[in-house]
């Protein structure tokens, strides 16, 4: 499995990387959605973990843009905004899962149950 992590918070990227590195050594990290989207020209992940609010853009818009072009990628939203409305919007944009950053201790379990 290959993973892409998109979050402008370095600490959060480190935590997510630590979790997914148990499953793979193929991980790319980006702090902006546009940078990550460009990277899809040469790196095709199985999973993308993306924050809703990232530098320069909206994570949901990037999710839609990615899935419009690459529908087989599984996108997981990882966000501080743990409200039911965000969960349903994330699903509407094509995310397979929404994980709260408040619950990072359960991140490993939540990522791999898709």
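In my numbering, the protein residues as written are 853 to 966. From the three backbone atoms N, C-alpha and C, an ideal C-beta is built for every residue, glycine too.
May I ask you to report which of helix, strand or coil DSSP gives residue i?
i, result
"residue 945", "coil"
"residue 886", "helix"
"residue 993", "In the structure as shown, the chain begins at 853 and stops at 966. Residue 993 is therefore absent and cannot be evaluated."
"residue 878", "coil"
"residue 893", "coil"
Confirm, please, whether the CB-CB distance from residue j to residue i is below 8 angstroms.
i, j, result
"residue 904", "residue 925", "no"
"residue 897", "residue 943", "no"
"residue 906", "residue 859", "yes"
"residue 888", "residue 935", "no"
"residue 930", "residue 868", "yes"
"residue 945", "residue 921", "no"
Could you tell me which residues DSSP pairs with residue i in its beta bridges?
i, result
"residue 901", "857 and 928"
"residue 951", "930"
"residue 906", "909"
Could you give the C-beta distance for residue i and residue j, rounded to a whole number, given that I count them as a contact under 8 angstroms?
i, j, result
"residue 885", "residue 914", "3 angstroms"
"residue 949", "residue 932", "With a Cβ gap of about 16 angstroms, residue 949 and residue 932 do not count as contacting."
"residue 872", "residue 879", "6 angstroms"
"residue 911", "residue 902", "5 angstroms"
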